[in-house]
Amino acid sequence: MSNSSPLRGKRIVLGVGGGIAAYKSVELMRRLMDCGAFVSPVLTKASLRFVGETTFSALGSESARTSLWDAGDPIPHTRLGQQADLVLVAPATADLIARYAAGIADELLTTTLVATNAPVVMVAAMHTEMWQHPSVVENIATLRRRGVVVIEPEIGRLAGGDIGVGRLASTGSVVEIIEEIFDGSTRALSGRKVLVTAGGTREAIDPVRYIGNRSSGKQGIAFAKAAARYGAEVTLVCTVPFESEPGINVIEVESAQEMFEAVSDAAGGFDLVVMAAAVADFRSKEISPTKIKKSHGAPQLVLEPTPDILAYLGSVKPKNQVLVGFAAETGGVEAEARRKLKDKNTDFVVANNVLEQDAGFGVDTNRVTLVFEDSALVLDLDDKRRIANRVLSFVAEWAGKNGVWSD
Ligand code: PMT
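Each residue of the sequence shown is one higher than the one before, starting from 93 at the first, in the numbering used here.
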């Protein structure tokens with residue numbers, strides 16, 4: 093049993109929905125208990141078609157509950173919700189998500205969800221078609237707006253042999269997110285104002301075509317979400333669609349010029365700026381107002397440099413601001429990052445080798461080196477969420493130790 097886990101002594105209601113992934117909740121329950129949590133299992137009627145009450149009763153911290161109408165406890169729904177430090181639903185099916193979003197309280201788990209003030213985490217798992225259905229997408233957006241943490245499903249093998257997005261997130265990553273929720277240190281950015289940029293800029297050539305790059309925005313968005321979880325008020329300047337979440341104010345932009353204007357307007361007021369966006373270095377000098385016709389032959393594009401946003405931020409950086417740049421490299425990664433650190437006057441550069449298959453553009457994982465002062469921190473391959481967590485924890489601690497945020 094872990095002595096240091098922030099889950100130690102916490103009361104968690106584990107709601108189990110009626111999906112094939114219900115069997116994985118047993119392992120999740122054991123892991124939470126190994127971390128020192130007291131876990132009360134609540135099974136929906138539908139879940140009992142997939143898993144047995146006896147298993148959860150035998151392995152949980154107390155007997156599993158399956159009904160609102162338990163003879164020994166006339167008001168289990170309010171008592172469970174009031175005593176809980178957290179309500180966790182795994183798997184959260186499309187049906188459970190819909191009932192919770194609509195405020196329907198028709199069995200013990202849904203009633204507990206409506207009757208609790210504790211943080212709620214829904215670990216979604218369902219078939220790909222259901223996950224992508226507009227009703228599910230809207231219900232999840234509604235729950236997120238209300239502050240519910242929705243852990244998205246992973247890609248993998250689903251019931252019936254299909255492969256796609258829909259598989260319950262791994263036990264390890266669910267436990268880690270719950271630890272973050274309880275861990276006091278994750279309020280490391282509480283009261284801070286953080287600006288993050290994400291995605292690749294698009295530099296128009298004509299109304300149809302643009303010069304772009306391979307950035308998906310995943311790494312930058314992971315930073316914005318991590319900063320919000322750590323208690324910051326976040327502004328995300330982003331080139332890809334992003335459904336706003338509590339604590340994150342989104343400004344959508346397309347080109348380097350638009351990103352420059354959005355960022356430079358407000359940059360001085362931020363405690364921390366993270367420039368994760370892949371900003372085009374060049375744009376077409378002329379933008380044709382109409383579609384360039386193929387029949388006119390190959391066009392001659394004359395390029396001009398875009399504004400270097402990070403270099404500008406470095407040149408006007410207030411003393412109490414931490415500036416984090418990125419470096420997307422294909423070789424000599426640390427040396428190039430160190431050069432950018434100096435040239436652009438940043439405090440940190442997060443360097444990644446974009447030639448690696450499991451790092452850089454588009455993928456869910458990254459392998460980065462955090463370059464600063466005379467030192468560097470090499471982080472192993474990890475998912476972009478954990479990379480963001482680790483970098484932000486390190487940066488917040490550094491800012492504290494160096495008196496950058498003196499208030
Ligand atoms: O979005 P993903 O698919 O998740 O991929 C993540 C990522 C690979 C895009 C990300 O990890 C990353 O490396 N982002 C920086 C990409 C980049 O533009 O690197 P660069 O080495 O060309 O630029 C160095 C720094 O200057 C960057 O912080 C960049 O935002 C900034 N810059 C660059 C050019 C410019 N005109 N203005 C800038 O501010």
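Each residue gets a CB set at the ideal place from its N, CA and C atoms; glycine is no exception.
Per-residue burial, residue i [other beta carbons within 10 Å of its own, 16 or more giving buried]
i	result
Pro370	The displayed chain sequence assigns Ala, not Pro, to residue 370. Buried: at least 16 other Cβ atoms inside 10 Å.
Met93	Unreliable placement is indicated for Met93, whose pLDDT of 49 sits below 50; no coordinate value is reported for it.
Ile401	buried
Pro338	exposed
Ala319	buried
Asn494	exposed
Asp439	buried
Ala390	exposed
Ala193	buried
Gly492	exposed
Val483	buried
Ile112	buried
Gly164	exposed
Ala480	buried
Ser227	exposed
Ala129	buried
Ala427	exposed
Glu489	exposed
Lys137	exposed
Thr158	buried
Thr146	exposed
Cβ pair residue i, residue j closer than 8 Å
i	j	result
Ile270	Arg259	no
Glu346	Thr293	yes
Leu99	Leu124	yes
Ile340	Ala354	no
Thr457	Leu473	yes
Cys514	Gly291	Residue 514 is absent from the structure shown; the chain starts at 93 and stops at 499.
Leu160	Val179	no
Glu199	Ala216	no
Val442	Val425	no
Val487	Val414	yes
Val366	Phe315	yes
Ala348	Glu295	yes
Val288	Ala368	yes
Lys285	Glu325	yes
Thr398	Arg431	no
Ala186	Met214	no
Arg103	Gln175	yes
Val446	Thr422	yes
Val118	Leu151	yes
Thr202	Arg191	yes
Ala280	Ser485	yes
Closest residue to residue i among the options (Cα-Cα distance)
i	options	result
Ala251	Gln174, His225, Glu489 and Phe142	Phe142
Gly309	Gly452, Ala150 and Ala488	Gly452
Gly239	Phe352, Thr208 and Arg430	Thr208
Asp363	Val228, Arg459, Val212 and Val496	Val496
Ala503	Asp177, His225 and Thr202	Because residue 503 is not part of the residues shown, which for the chain are 93 to 499, the question remains open.
Lys411	Asp435, Ala468, Ser498 and Ala358	Ser498
Ser265	Glu489, Trp490 and Arg477	Arg477
Glu183	Glu145, Ser139, Gly253 and Ala156	Inspection of the sequence shows that residue 183 is occupied by Pro rather than by Glu. The candidate whose alpha carbon is nearest that of Pro183 is Ser139.
Asp373	Leu151, Met351, Gly361 and Asp357	Met351
Ser356	Ala403, Ala114, Pro333 and Gln174	Ala403
Arg237	Arg249, Met218 and Val212	Val212
Asp254	His219, Val446 and Ala150	His219
Ala358	Leu405, Gly323, Ile313 and Asp298	Leu405
Tyr115	Ser262, Leu201 and Val257	Ser262
Asn444	Leu328, Ser149 and Gln311	Gln311
Gln224	Ala419, Val257, Asp435 and Gly195	Val257
Val300	Glu335, Ile379, Val229 and Leu281	Ile379
Phe464	Gly454, Asn437, Ile297 and Glu448	Asn437
Pro333	Arg321, Tyr322, Gly323 and Ile313	Ile313
Glu335	Gly195, Gln392 and Val229	Val229
Ser467	Arg459, Gln449 and Ala429	Ala429
Tyr322	Ile297, Phe274 and Gly361	Phe274
Beta carbon proximity, residue i to chain B, threshold 8 Å
i	result
Phe142	The displayed structure is made up of one protein chain only, and chain B is not part of it.
If you pair each beta-carbon of the stretch 95 to 112 with each one of the stretch 130 to 147, do three or more pairs fall below 8 Å? Cβ pair count under 8 Å is three or more, so yes.
Three Cβ pairs or more, each shorter than 8 Å: is that satisfied between the stretch 305 to 317 and the stretch 382 to 392? No: the two stretches stay apart, fewer than three of their Cβ pairs being nearer than 8 Å.
Check whether the stretch 232 to 239 touches the stretch 158 to 177, taking contact to mean three or more Cβ pairs, one atom from each stretch, closer than 8 Å. Flag = no, the stretch 232 to 239 and the stretch 158 to 177 do not touch.
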